[in-house]
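Under UniProt numbering, think of the first position of the sequence shown as 1, with each following residue one higher.
Data first, discussion second: the structure below is written as structure tokens.
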Amino acid sequence: MIHTRTLSSASERKMGRDDLYITVPSFFRCPISLDVMTSPVSLCTGVTYDRSSIQRWLDGGNNTCPATMQVLSSTDLVPNLTLQRLIRNWSDSAQPAPLSSPPPLLPDPPLSRDDALALAKSLSSSSCLETSLKRLADFSAESEDNRIFLAKIEGFAEALLNLMSRLDGKLERSVGSLELIVRVFEQVLAKSDNRNKIISLAASQDLRCLSSLQAVVERGAVESKIASVKILESVAVTEEPKAAIAEIDGFLSRLLELTILETDQNLIESIVSFLIHLAGQKRARIKLLDLGAVKSLSELLAAPRSAVSVTEKALKLVEMISSCREGREALSSYERCIETVLQRAFKVSAVATEHAVTILWGLCCAAEDERTRAVVRRCSGVPRLLVVMQSGCSPAVRRMCGDLLRVFRVSSRSQPCLSNYETKTTHIMPF
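Printed below as a string of structure tokens:
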């Protein structure tokens with residue numbers, strides 16, 4: 001009898017334990033985290049992920065669908081409302097988990113346009129600013145139509161700009177809110193019909209937003225840093241804001257440092273693009289030279305895995321630097337930069353080739369710099385230029401290559417640089 005009761009009790013305990021296990025349908029799990037999705041969103045490939053997981057994947061610079069590895073034609077995240085309702089219904093009907101590990105709360109459903117409008121209109125007086133910003137940021141990230149909708153809300157961009165200027169970027173607790181403001185503001189500014197008016201407003205406020213943008217660039221996530229740099233590029237449309245940005249203590253040196261330390265190619269490209277924009281002003285070019293831009297750009301050009309667009313923009317910036325006497329002096333004094341420019345003169349893209357040849361032409365032909373000529377000779381620059389001329393380059397590049405080869409043909413009488421290079425390419429010598 002005792003034996004029978006023991007078996008019965010053991011069976012009851014097993015049944016009790018079994019009751020605690022819940023079978024989760026596989027399509028409720030995120031393919032990345034394998035957890036139950038709390039905010040399911042679909043990519044253009046049709047695969048659904050949890051928003052936080054796929055956003056981290058995209059923020060890491062990836063442009064493919066993790067499940068299918070297809071290249072994404074769009075990174076818009078579309079809420080899967082049907083699946084979210086199914087998960088909610090399943091969660092409500094499933095047996096509750098043990099008290100020691102309660103299930104995660106499902107988030108609020110995506111904002112409707114009416115709700116987004118109400119949040120945007122009351123943003124300046126919101127008592128839960130960060131929550132409102134987070135919901136608006138999610139709404140903006142969902143689709144292009146949502147971004148256009150927010151951009152058309154009267155006074156919304158101005159309210160974001162005022163918040164950005166008001167929050168103190170030096171306070172750690174403000175950085176999270178600033179990141180959200182910056183991400184939404186950049187998307188709204190890009191779609192706004194009143195873009196110039198908003199930029200003028202920023203200038204009229206003595207660019208108080210600059211310290212907030214600097215704080216996000218220094219301490220924010222990659223996506224927020226990219227948004228901040230894009231805003232800076234939009235604001236720096238006249239000489240005054242360019243000068244103000246160039247004079248921010250330690251800011252340009254930090255941007256140059258990030259081009260070397262960061263691995264996200266989108267962030268690096270946005271920084272170099274902004275520096276190109278800034279370098280249109282000679283005073284900014286001199287500032288960049290003083291901060292060691294030539295060395296930083298040399299390291300960037302030498303990086304083996306740089307994206308083609310990053311290499312093109314880095315060469316464009318070197319070309320701009322070479323347009324002034326101080327820049328040419330800095331370039332010819334740093335042989336490593338000339339070497340990397342020569343290496344990038346071919347096998348990257350037609351745009352990169354044109355920038356590289358223009359740099360070499362400016363130093364060797366226009367400026368007649370002997371130090372640069374010596375580096376080109378030592379690094380077998382002449383045969384490289386011959387290859388470029390045979391590669392179907394543009395007429396302008398071909399003419400510059402011809403000028404360069406003419407220079408080295410003349411100088412070869414005293415320092416032969418062609419005598420050891422006998423191949424089928426020598427017939428294209430333009431003289």
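Don't be surprised by glycine CBs; every beta carbon is placed ideally from N, CA and C.
Helix, strand or coil, according to DSSP, for residue 145 in the structure here?
It is helical.
Simplified DSSP state of residue 39, which is helix, strand or coil
Coil.
Report yes if the CB atom of residue 342 is closer than 8 angstroms to the CB atom of residue 376, and no otherwise.
yes
Nearest candidate by alpha-carbon position, reference residue 194, set 176, 151, 231, 387:
151
When the Cα atoms are used, what is the spatial distance from residue 265 to residue 310?
7 angstroms
Between which residues of its own chain and residue 224 is the CB-CB distance below 7 angstroms, once the five residues before and five after are set aside?
179, 182, 183, 216
CA-CA distance, residue 268 and residue 92?
Take the alpha-carbon of residue 268 and the one of residue 92: they are about 46 angstroms apart.
Where the alpha helix (DSSP H) containing residue 114 begins and where it ends:
Following the DSSP letters along the chain, one finds residue 114 inside the alpha helix (DSSP H) bounded by residues 113 to 121.
Under a three-way DSSP split, which group does residue 241 fall into?
In the structure shown, the three-state DSSP call for residue 241 is helix.
Could you check the C-alpha separation between residue 139 and residue 359 for me, to the nearest Å?
45 angstroms
How about residue 379 and residue 407: are their beta carbons less than 8 angstroms apart?
no
Let me check understanding here. Comparing Cα to Cα, which of 160, 276, 373, 59 lies closest to residue 124?
Distance from the Cα of residue 124 is smallest, within the candidate group 160, 276, 373, 59, for 160.
Does DSSP put residue 71 in a helix, in a strand, or in coil?
strand
Among 132, 78, 110, which one has its Cα closest to the Cα of residue 120?
Taking the Cα of residue 120 as reference, the smallest distance to any Cα among 132, 78, 110 is reached at 132.
Proximity of residue 210 and residue 244 at Cβ, strictly below 8 angstroms:
yes
Three-state secondary structure (DSSP) at residue 358?
helix
The beta strand (DSSP E) enclosing residue 76, as first and last residue numbers
Premise fails: residue 76 is in no beta strand (DSSP E) and is neither H nor E.
With which residues is residue 29 paired in a DSSP beta bridge?
Per DSSP, 36.
By Cβ distance below 8 angstroms, which residues in the same chain neighbour residue 72 in space, the five residues on each side in sequence not counted?
43, 44, 45, 63, 64, 65
So within the segment 328 to 352, which uninterrupted alpha helix (DSSP H) runs reach at least 4 residues, ignoring any that extend past its ends?
335 to 343
Selected residue, minimal CA-CA separation from residue 213, among 116, 154, 227
227
C-beta atoms of residue 229 and residue 296 nearer than 8 angstroms:
In this structure, residue 296 does not lie closer than 8 angstroms to residue 229 by Cβ.
Considering only heavy atoms of the ligand FMN, does any lie closer than 7 angstroms to the CB of residue 236?
What this structure holds is no ligand at all, so the ligand FMN is not there to describe.
Just curious, the beta strand (DSSP E) that residue 50 is in, first and last residue?
48 to 50
DSSP state of residue 447, grouped into three classes?
This structure cannot settle anything about residue 447, because the visible part of the chain is limited to 1 through 431.
Would you call residue 196 buried or exposed, if buried means 16 or more other Cβ atoms sit within 10 Å of its Cβ?
Of the other Cβ atoms in all chains shown, fewer than 16 fall within 10 Å of the Cβ of residue 196; this residue is therefore exposed.
Can you name, in chain order, every residue of its own chain whose Cβ lies under 6 angstroms from the Cβ of residue 186, other than the five neighbours on each side?
227, 230, 231, listed in sequence order.
Assigned exposure category for residue 382 - 16 Cβ within 10 Å defines buried
By the neighbour-count criterion, in which 16 or more other beta carbons inside 10 Å mark a residue as buried, residue 382 falls on the buried side.
Across which residues does DSSP place residue 64 in a beta bridge pair?
71
Can you give the Cα-Cα distance for residue 396 and residue 298, rounded to whole angstroms?
25 angstroms
Please classify residue 248: does DSSP put it in a helix, a strand, or coil?
coil
Have a look at 350, 329, 372, 323 and flag the residue whose alpha-carbon is nearest the alpha-carbon of residue 340.
372
Assuming residue 117 contacts residue 153 (C-beta within less than 8 angstroms), just tell me the rounded distance between them.
6 angstroms
Spatially closest choice to residue 240 from 259, 307, 280, 263, by CA coordinates:
If we check each option's Cα against that of residue 240, 280 comes out closest.
My understanding is that residue 322 touches residue 362, with C-beta atoms under 8 angstroms, so please give their C-beta distance in whole angstroms.
5 angstroms
Classify residue 285: buried if its beta carbon has 16 or more other beta carbons within 10 angstroms, exposed otherwise.
buried
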